[in-house]
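For reference, each letter of the sequence shown is one residue, going 1 to 117 in UniProt numbering.
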Amino acid sequence: MEERSDSEPTPGCSGPGHTWAPEDAWMGTHPKYLEMMELDIGDATQVYIAFLVYLDLMESKSWHEVNCVGIPELQLICLLGTEIEGEGLQTVVPTPISASLTMQASGQSPENFLACF
């Protein structure tokens, strides 16, 4: 998204690339975005990233169904969905490129880490 001087940063987001412009206002009223906000997991940046991945799966990749699940132990929002109706469930973990997904970073034992998924 292009940086504009008349836009304001998204509340809770820091760093370049996250701007809030009037044409983006629809996002704050989207039912799935509101559902992700209600999970109270992570910060606004994480919800923003998860919502963009959700939109990509549903609109660009035409997945059949995508639901969001909060994992409080890891402070993650995961997306669970099926590409094609009747196929197996897939887990997508939207994270910033700088995120580290190791068992050591999570503070969880291997069994607990895998049980979250």
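Just so you know, even glycine gets a beta-carbon here, dropped at the ideal spot from N, CA and C.
Inter-residue spacing [alpha-carbon to alpha-carbon] between residue i and residue j
| i | j | result |
| --- | --- | --- |
| Tyr48 | Glu38 | 13 Å |
| Ile41 | Cys68 | 11 Å |
| Asp43 | Glu85 | 32 Å |
| Glu87 | Cys78 | 18 Å |
| Glu65 | Glu73 | 25 Å |
| Ser100 | Val93 | 12 Å |
| Gly70 | Pro31 | 16 Å |
| Glu2 | Ala25 | Interpretation of Glu2 is limited by its pLDDT of 42, a score under 50 that renders its predicted location unreliable; the figure taken from the coordinates is listed afterwards. Going by the C-alpha atoms only, they are around 16 Å apart. |
| Val53 | Glu59 | 10 Å |
| Thr102 | Glu83 | 27 Å |
| Gly28 | Leu55 | 14 Å |
| Ser7 | Ser98 | Reliability fails at Ser7, whose pLDDT of 40 lies under 50, so the model's placement of it is uncertain and the value that follows must be treated cautiously. Each residue's alpha carbon lies about 25 Å from the other. |
| Lys61 | Pro96 | 20 Å |
Beta-carbon proximity check, residue i vs residue j, cutoff 9 Å
| i | j | result |
| --- | --- | --- |
| Gly81 | Gln75 | no |
Contacting residues, own chain, Cβ-Cβ under 7 Å from residue i (five flanking each side not counted)
| i | result |
| --- | --- |
| Ala50 | Met36, Cys68, Ile77, Leu79 and Pro94 |
| Gln46 | Ile77 |
Beta-carbon contacts of residue i that lie in its chain and below 8 Å, excluding the five residues immediately before and after
| i | result |
| --- | --- |
| Leu57 | Trp63, Val66, Leu79, Gly81 and Val92 |
Same chain only: Cβ atoms within 6 Å of residue i, ignoring 5 sequence neighbours per side
| i | result |
| --- | --- |
| Tyr33 | Met27 and Phe51 |
Taking only runs that begin and end inside the segment 27 to 73, name each unbroken beta strand (DSSP E) of 3 or more residues, in chain order.
65 to 71
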